[in-house]
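Asker:
Protein chains: 2
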Amino acid sequence: MTKPPHAGSEESPARLRSIPEASVARLAVYLRKLGELAEEGADTVSSDELAAATGVNPAKLRKDLSYIGSYGIRGVGYEVAALVRQLERTLGLDHRQAVALVGIGNLGHALAGYGGFGGRGFPVTALFDVDPDLVGIHINGILVEHVRAIPQVCAERGVTIGMIATPGQAAQGVCDLFVEAGVRCILNFAPVVLQVPDEVEVRKVDLAVELQILAFHVARKHVAAAEQVASGNGHPVNGAGGLLP
Amino acid sequence: MTKPPHAGSEESPARLRSIPEASVARLAVYLRKLGELAEEGADTVSSDELAAATGVNPAKLRKDLSYIGSYGIRGVGYEVAALVRQLERTLGLDHRQAVALVGIGNLGHALAGYGGFGGRGFPVTALFDVDPDLVGIHINGILVEHVRAIPQVCAERGVTIGMIATPGQAAQGVCDLFVEAGVRCILNFAPVVLQVPDEVEVRKVDLAVELQILAFHVARKHVAAAEQVASGNGHPVNGAGGLLP
DNA sequence: GCGACTTTGTGCGTGCCTTCACAAGCGACT
DNA sequence: AGTCGCTTGTGAAGGCACGCACAAAGTCGC
Numbered sequence: 001m002t003k004p005p006h007a008g009s010e011e012s013p014a015r016l017r018s019i020p021e022a023s024v025a026r027l028a029v030y031l032r033k034l035g036e037l038a039e040e041g042a043d044t045v046s047s048d049e050l051a052a053a054t055g056v057n058p059a060k061l062r063k064d065l066s067y068i069g070s071y072g073i074r075g076v077g078y079e080v081a082a083l084v085r086q087l088e089r090t091l092g093l094d095h096r097q098a099v100a101l102v103g104i105g106n107l108g109h110a111l112a113g114y115g116g117f118g119g120r121g122f123p124v125t126a127l128f129d130v131d132p133d134l135v136g137i138h139i140n141g142i143l144v145e146h147v148r149a150i151p152q153v154c155a156e157r158g159v160t161i162g163m164i165a166t167p168g169q170a171a172q173g174v175c176d177l178f179v180e181a182g183v184r185c186i187l188n189f190a191p192v193v194l195q196v197p198d199e200v201e202v203r204k205v206d207l208a209v210e211l212q213i214l215a216f217h218v219a220r221k222h223v224a225a226a227e228q229v230a231s232g233n234g235h236p237v238n239g240a241g242g243l244l245p
Numbered sequence: 001m002t003k004p005p006h007a008g009s010e011e012s013p014a015r016l017r018s019i020p021e022a023s024v025a026r027l028a029v030y031l032r033k034l035g036e037l038a039e040e041g042a043d044t045v046s047s048d049e050l051a052a053a054t055g056v057n058p059a060k061l062r063k064d065l066s067y068i069g070s071y072g073i074r075g076v077g078y079e080v081a082a083l084v085r086q087l088e089r090t091l092g093l094d095h096r097q098a099v100a101l102v103g104i105g106n107l108g109h110a111l112a113g114y115g116g117f118g119g120r121g122f123p124v125t126a127l128f129d130v131d132p133d134l135v136g137i138h139i140n141g142i143l144v145e146h147v148r149a150i151p152q153v154c155a156e157r158g159v160t161i162g163m164i165a166t167p168g169q170a171a172q173g174v175c176d177l178f179v180e181a182g183v184r185c186i187l188n189f190a191p192v193v194l195q196v197p198d199e200v201e202v203r204k205v206d207l208a209v210e211l212q213i214l215a216f217h218v219a220r221k222h223v224a225a226a227e228q229v230a231s232g233n234g235h236p237v238n239g240a241g242g243l244l245p
């Protein structure tokens, strides 16, 4: 239960497993900001500083970082370079993850051309579609192949992550092909819930749902605004600086 | 995110405000599935049925629906049409929400052309960019205007939701323009944390982070697999993804 | 009209995540 | 060398969400 305190330099897998899901998501955000800081020449950051820049609570940030070990210096902060290295190792970015993308529609095209992936250790290695007009063309130098080639191609090129940007009806079929190819992690942009074996991890990004959540908040704010007018309570605005006293 | 410690919790219209954030996200998913069911001619659904189709626990689904009122019939299920109506009202979809999009790059182009928005009550009403080569062209019949026109155009057309698909450096500036225009809800695809006044709601979609989370799971599964081989104990850890029939 | 069956709505225990608060540790300054 | 100020790391408490299990409530068959 209680971990041995101050275990410095080992790669205990138990440590990995114990990181809460919510923390992992934030670690990725910290990592990007740290990259920027490194480019600006920063040597160290304090938790308060990094927390403000990433919009989280400083204590939460420190706890998140404590999951991957003690890499801070009390009274000083965190050494940027060391923290970046450790985060990259923890997030599995120390070896590249080949990514395959299925569905070269509007969104798929954008994803295939998105520079944010390849530049960050996620080279898009294979593209697939069913449309004969698309199969055979190149996007960013990558050949679009037919969906039926998924199992073979993915296995050959060691694809570890699959992205599905097809229409909803096609998504489950594509997913099954990925699973067959041994892909264990899938990022799904199609508006359906994929059925997968236990050992496969699926994350879903649903743009329409995101908008609907915002629409809910629009409605809520509308009501709140009406209330405020009624009660005469105006709320002062916290400007772009955004740091609370 | 950063809220003043316990702002005045009035409970007047109360029902909307009391819906947990996590439930709102799922309500949107239920709504889409219900739309499909309605098209297939279904009159009623049971919670078990809808829960299986959307990948959630039936009890959780019933609790979610209970937040918006009792629209189920015991022994039968939920009347699809009535539930759709009520969900649309709760999510603020009974009046259209004009959406503005800034940043007509790869992703922006895809978003502008994405049919899933307009068809679901979110007409993309305005497009903006700074690139002179883009300003002036039409996408899907919508004119791309210069970013500096954001305040005026958004105010004129009653834009309630702004989407930011610009590079990171430009995002905060665009965000400020949205706020100036009175836009209170923002969907941010840029990899930065936006600083906004308290009354503005920001949701962030970060594709690179999504991939990094998956990369973490790839690494975790890798370790787990190696351990299994080593210890001979075949017990795969069940991750956090709880979707399983 | 009555009983059995089905399905909703929800009270409650459990576990995770967040947040506070503070001791421990480190560097700088005198 | 000692003290002071700053920052990390973490124990503990609170809150939120999830899921179980069951009572209430309705339908269907006879």
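Residue numbers (UniProt numbering), protein chains in the order written: chain A, 1 to 245; chain B, 1 to 245.
All C-beta atoms, glycine included, are put in the ideal place defined by N, C-alpha and C.
(1) Hey, how far is the Cα of Phe189 of chain A from the Cα of Gly121 of chain B?
(2) Just verifying my parser: in three-state terms, what is the DSSP assignment at Glu40 of chain B?
(3) Please name the residues in the region 184–206 of chain B whose beta-carbon is closer than 7 Å to at least one beta-carbon of chain A, in chain order.
(4) Check Val159 of chain A in the structure and name its three-state DSSP category.
(5) Determine, using beta carbons only, whether Asn106 of chain A and Ala110 of chain B come nearer to each other than 7 Å.
(6) Hey, quick one: how far does the alpha helix (DSSP H) through Asn106 of chain A stretch, first residue to last?
(7) How many Å lie between Val229 of chain B and Gln86 of chain A at the Cα?
(8) Let's see if you can read the secondary structure: which residues bound the alpha helix (DSSP H) around Gly173 of chain B?
(9) By the 10 Å Cβ neighbour count, where 16 or more other Cβ atoms means buried, how is Ala225 of chain A classified, buried or exposed?
(10) Output the distance between the C-alpha atoms of residue 271 of chain B and Val179 of chain B, rounded to the nearest integer angstrom.
(11) Below 8 Å CB to CB, which residues in the same chain sit around Ile186 of chain A once its five sequence neighbours on both sides are set aside?
(12) On the three-state DSSP scale, how would you describe Tyr78 of chain A?
(13) Can you tell me whether Val84 of chain A is helix, strand or coil according to DSSP?
(14) With distances taken Cα to Cα, identify the nearest neighbour of Glu125 of chain A among A:Tyr67, A:Val144 and A:Leu50.
(15) Step through the CB atoms of chain A and report whether any lies within less than 7 Å of the CB of Asn57 of chain B.
(16) Can you tell me which of the three DSSP states His138 of chain A falls into?
(17) Go through its chain and collect everything with a Cβ distance to Gly241 of chain A's Cβ below 6 Å, but skip five positions before and after it.
(18) Tell me whether Pro167 of chain A is buried or exposed, calling it buried when 16 or more other Cβ atoms sit within 10 Å of its Cβ.
(19) Just list the residues that DSSP pairs Leu187 of chain A with in beta bridges.
(20) How would you label Arg74 of chain B, buried or exposed, when you count the other beta carbons within 10 angstroms and need 16 or more for buried?
(21) Compute the Euclidean distance between the alpha carbons of Ile142 of chain A and Asp133 of chain A, then round it to the nearest angstrom.
(22) Where does Val102 of chain A sit, in a helix, a strand or coil, going by DSSP?
(23) Considering only DSSP beta bridges, list what Ile73 of chain B is partnered with.
(24) Would Lys63 of chain B pass as an interface residue toward chain A - the criterion being a Cβ-Cβ separation below 7 Å?
(25) Locate the alpha helix (DSSP H) running through Leu61 of chain B, then write down its first and last residues.
(26) Can you pull the DSSP bridge partners for Ala25 of chain B?
(27) What residues are listed by DSSP as bridge partners for Asp129 of chain B?
(28) What in chain A is Cβ-close to Gly113 of chain B, meaning under 7 Å?
(29) Leaving out five residues on either side along the sequence, give the residues of the same chain with a beta carbon under 6 Å from the beta carbon of Glu79 of chain B.
(30) Does Arg148 of chain B pass the burial test, meaning 16 or more other C-beta atoms within 10 Å, or should it be called exposed?
(31) Following the continuous alpha helix (DSSP H) through Ser46 of chain A, name the residue where it begins and the one where it ends.
(32) I'd like to check one pair, Ala82 of chain A with Tyr71 of chain A: are the Cβ atoms closer than 7 Å?
(33) Taking Cβ-Cβ distances below 7 Å as the criterion, which residues of the region 211–222 of chain B are in contact with chain A?
(34) Here's the rule: buried if 16 or more other CB atoms are within 10 angstroms of the residue's CB, otherwise exposed. What is Glu88 of chain B?
(35) Out of curiosity, what's the CA-to-CA distance linking Ala155 of chain B and Gly119 of chain B?
(36) Alpha carbon to alpha carbon, how far is Asp64 of chain B from Val76 of chain A?
Answerer: To lay it out plainly:
(1) 19 Å
(2) Coil.
(3) The region 184–206 of chain B vs chain A, Cβ under 7 Å: Arg184, Cys185, Leu187, Pro191, Val193, Gln195, Pro197, Asp198, Glu199, Glu201, Arg203 and Val205.
(4) strand
(5) yes
(6) Asn106 to Gly113
(7) 26 Å
(8) Gly168 to Glu180
(9) exposed
(10) With chain B covering only 1 through 245, there is no way to say anything about residue 271 of chain B.
(11) Ile161, Gly162, Met163, Ile164, Cys175, Phe178, Leu194, Val196, Val200, Glu201, Val202 and Arg203
(12) strand
(13) helix
(14) It is Thr, not Glu, that sits at residue 125 of chain A in the sequence shown. Nearest C-alpha to Thr125 of chain A: A:Val144.
(15) Chain A, which has no Cβ nearer than 7 Å to the Cβ of Asn57 of chain B, makes this no.
(16) strand
(17) Note on Gly241 of chain A: pLDDT 32, under 50, position unreliable in the model; the coordinate value appears next. Excluding the 5 residues flanking it on each side, Gly241 of chain A has no same chain C-beta neighbour closer than 6 Å.
(18) exposed
(19) A:Met163 and A:Arg203
(20) Exposed, since its Cβ has fewer than 16 Cβ neighbours within 10 Å.
(21) 15 Å
(22) Judged by DSSP in its simplified three-state form, Val102 of chain A adopts strand.
(23) B:Gly77
(24) no
(25) Pro58 to Tyr67
(26) Ala25 of chain B is not bridged to any residue.
(27) Answer is B:His146.
(28) Asn106
(29) Thr44
(30) exposed
(31) Annotation: Ser46 of chain A is outside any alpha helix (DSSP H) and is labelled neither H nor E by DSSP.
(32) yes
(33) Leu211, Gln212, Ile213, Leu214, Ala215, Phe216, His217, Val218, Ala219, Arg220 and Lys221
(34) buried
(35) 23 Å
(36) 46 Å
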